[in-house]
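The structure appears below as structure tokens.
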Amino acid sequence: MKLQIDSTDQLIYENEILQLTVVGGIKLEGLDRMRSTLKVQLQQSRRPPVRHNLDLYNDTQLEKFIRKCAERLEIGTSIISASLGELTEELEKYRLQEIKNREENLKPRFKKISTFSTTIM
């Protein structure tokens with residue numbers, strides 16, 4: 014499923030099983046890291062969501078988070094791992110597009126002024 018970007022401060026990715034929310038958005042600077050605050054919850058469940066701040070590019074943090082979510086939400090680690098992988102891919106696309114948009118907006122814009130000549134008689 015696609016990333017929902019109704020607000021840059023709350024990015025939502027959903028599949029059939031989970032809803033993953035990036036609370037506070039993501040920074041466009043520092044492409045070598047993807048620090049984010051995530052809220053992971055089961056679709057249509059009363060079970061409380063899991064919230065955590067981590068770098069999605071840090072494998073150690075990600076593995077611990079996957080195990081924590083699996084334990085608290087009582088679902089398999091492979092489901093969470095796949096969902097987080099999909100989310101990361103979507104966030105990478107989003108971030109690169111936002112950087113491109115920002116660069117386009119910073120480009121100087123020139124307005125062509127038409128020149129005309131007048132003849133004096």
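Using the working numbering, you'd call the opening residue of the sequence shown number 14 and step up by one each time. Yeah, the Cβ is synthetic: ideal placement off N, Cα and C, and Gly gets one too.
Which residue from the options puts its Cα closest to that of residue i?
i	options	result
LEU86	GLU76, LEU75, PRO62	PRO62
LYS52	LEU109, ASP19, LEU67	LEU67
ASP45	HIS65, ASN28, ASN71	ASN71
LYS40	GLY89, GLU116, TYR107, ARG60	TYR107
GLU84	SER20, LEU55, THR34	LEU55
ARG60	THR73, ILE88, ILE79, GLU76	ILE88
GLY38	SER20, GLU27, ASN28	SER20
ARG64	ARG48, ILE93, CYS82	CYS82
Going by DSSP, what residue range makes up the alpha helix (DSSP H) through residue i?
i	result
ARG60	Segment: none, ARG60 is in no alpha helix (DSSP H) and carries neither H nor E.
ILE79	72 to 86
At the 8 Å Cβ level, is residue i part of the contact set with chain B, yes or no?
i	result
LYS120	Judged by its chain identifiers, the structure shown contains no chain B, having just a single protein chain.
Rounding to the nearest angstrom, what Cα-Cα distance links residue i and residue j in this structure?
i	j	result
LEU31	ILE112	28 Å
ARG115	GLU27	27 Å
ALA95	ARG80	13 Å
PHE78	THR50	12 Å
LEU24	PRO121	30 Å
GLU29	GLN57	10 Å
LEU69	GLU102	10 Å
ASP22	ILE93	22 Å
Count the other C-beta atoms from every protein chain shown that fall within 10 angstroms of the C-beta of residue i, then say buried if there are 16 or more, exposed otherwise.
i	result
LEU119	exposed
LEU109	exposed
SER91	exposed
Taking the beta strand (DSSP E) that residue i belongs to, which residues open and close that run?
i	result
THR101	Element bounds for THR101: not the beta strand (DSSP E) but the alpha helix (DSSP H), 90 to 119.
ASP19	17 to 20
LEU33	31 to 36
ILE25	23 to 27
Using 8 Å as the threshold, is the C-beta distance between residue i and residue j below it?
i	j	result
LEU104	VAL35	yes
LEU100	LEU33	yes
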